[in-house]
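S.K.:
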Amino acid sequence: MEFRQLQYTLQIAAEKNFSRAAEKLHIAQPSLSQQLSKLEKELGVLLFQRNTSTVELTHAGASFVEKAKKIVDAVEQLRQEMDDISQLRKGKVVVGSMPITGSHLLPHVLPVFKRAHPDIEIVLVEDSSMNLEKKTASGDTDLSLLSLPLVEPTLSYVPIGEEWIDLAVPPGHPLAVRKIGDQPQPVHMEELKDEPFVVLKKGQGFRKLTMDLCHQAGFEPNVVFESTNMETLQSLVATGMGVTLVPRFIARAASSEFVPALLPLAEPTPSRTLAIAYRNGRYLSKAAEAFIDTFRETVKQLSQK
């Protein structure tokens with residue numbers, strides 16, 4: 001059994017198509033098929049069921065892929081550790097990110113990191129917080145930007161900053177025009193019990209935080225619309241569909257013709273902790289550690305603005 005055969009099998013399993021897998025691996029499809037057949041003959045089992053339109057893992061194939069992932073990941077971690085020991089500064093970090101949060105924070109982080117570490121490649125994987133936890137636990141990402149608490153027990157994390165939570169309401173809403181001097185008056189969560197809510201769909205970490213804050217205030221929110229996109233929710237609020245809670249980094253960066261009124265919540269002001277998560281026991285390369293340090297410092301500077 002050769003190491004490259006493990007890599008080939010994982011690529012076929014990911015693509016579920018020999019042509020696409022061969023293209024990603026930069027080899028000819030006949031060579032890929034030949035290597036897989038050679039491996040299956042050596043193992044004495046079929047790893048894939050092939051027909052004219054699909055390629056599916058067999059039971060033996062699913063077990064093989066699970067073990068092969070761990071082997072390939074362990075070899076990659078060993079390579080990173082040896083590179084660090086030999087003082088090489090080249091490398092790659094696969095970073096998972098929640099799409100909307102990442103879209104507002106990464107443009108601040110990545111240019112700083114690339115200036116300091118021009119030879120380190122950053123590969124971005126965007127997904128929901130639930131899926132990112134799974135990908136981080138399985139080694140598909142080295143690091144992932146998430147918010148606490150984490151559900152996946154096999155993950156460790158480094159807190160990188162606290163983000164306050166604001167309330168978004170339609171312009172002209174009674175809460176928006178209620179002011180102390182020139183400043184909007186802080187809103188107590190209890191005041192929102194009769195308001196229609198627009199919220200993120202299940203699987204998004206911030207949805208759970210929103211629901212928890214409503215429950216702690218003693219009411220079940222009246223959810224009238226759901227979306228996977230926080231920017232969409234803010235636009236819907238601006239058009240009068242309802243109210244929603246918004247992480248401040250995202251709220252502050254809202255740029256649209258549909259801009260809601262953003263109000264502070266009363267003390268104790270709710271917040272969420274952003275963190276960089278990684279799998280327990282995973283070796284963190286110097287490149288990964290440098291990325292975490294850059295992210296933490298960037299969030300600190302943004303919080304002070």
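When we follow the UniProt record's numbering, the leftmost residue of the sequence shown carries the number 1, and every step to the right adds one. Cβ atoms here follow ideal geometry from the backbone N, Cα and C, with glycine treated the same way.
Please report how far the alpha carbon of S303 lies from the alpha carbon of G161, in whole angstroms.
M.R.: In a straight line, the C-alpha of S303 is about 8 angstroms away from that of G161.
S.K.: Compare the C-beta of E121 against all C-beta atoms of chain C and say whether one is closer than 8 angstroms.
M.R.: Annotation note: the requested chain C is absent from the structure, which comprises a single protein chain.
S.K.: Could you check whether P170 and A261 sit closer than 8 angstroms to each other, using their CB atoms as the reference points?
M.R.: A contact, by the Cβ cut-off of 8 angstroms.
S.K.: Where does L47 fall in DSSP's three states?
M.R.: Here L47 sits in coil by DSSP.
S.K.: Starting from the C-beta of F219, find all residues in its chain whose C-beta is less than 8 angstroms away, skip the five residues before and the five after it, and write them out in chain order.
M.R.: Cβ within range, chain order: E190, L192 and K193.
S.K.: Quick one: Cα of S63 to Cα of F225, how far?
M.R.: Computed Cα separation, rounded: 41 angstroms.
S.K.: Which whole-angstrom value is the C-beta distance of L148 and A275, which I expect to be below 8 angstroms?
M.R.: Confirmed, about 6 angstroms.
S.K.: What residue range does the alpha helix (DSSP H) around F258 cover?
M.R.: Unbroken run through F258: none, as it is neither H nor E.
S.K.: Return helix, strand or coil for F219, following the three-state DSSP convention.
M.R.: Reduced to three states, the DSSP call for F219 is coil.
S.K.: One question on the structure: do G91 and Q77 come within less than 8 angstroms of each other, judged by their Cβ atoms?
M.R.: Not closer than 8 angstroms, so no.
S.K.: Express the C-alpha separation of H26 and I122 in angstroms, rounding to a whole number.
M.R.: Using only the alpha carbons, I get a separation of about 21 angstroms.
S.K.: Beta carbon of T244, beta carbon of V198: below 8 angstroms?
M.R.: In this structure, V198 lies closer than 8 angstroms to T244 by Cβ.
S.K.: Please state the DSSP three-state secondary structure of E121.
M.R.: Here E121 sits in strand by DSSP.
S.K.: May I have the straight-line CA-CA distance separating D140 from M241, to the nearest angstrom?
M.R.: Each residue's Cα considered, the two are about 38 angstroms apart.
S.K.: With a threshold of 8 angstroms on Cβ separation, who are the neighbours of G281 within its own chain once the five nearest residues in sequence on each side are excluded?
M.R.: Cβ within range, chain order: n/a, list empty.
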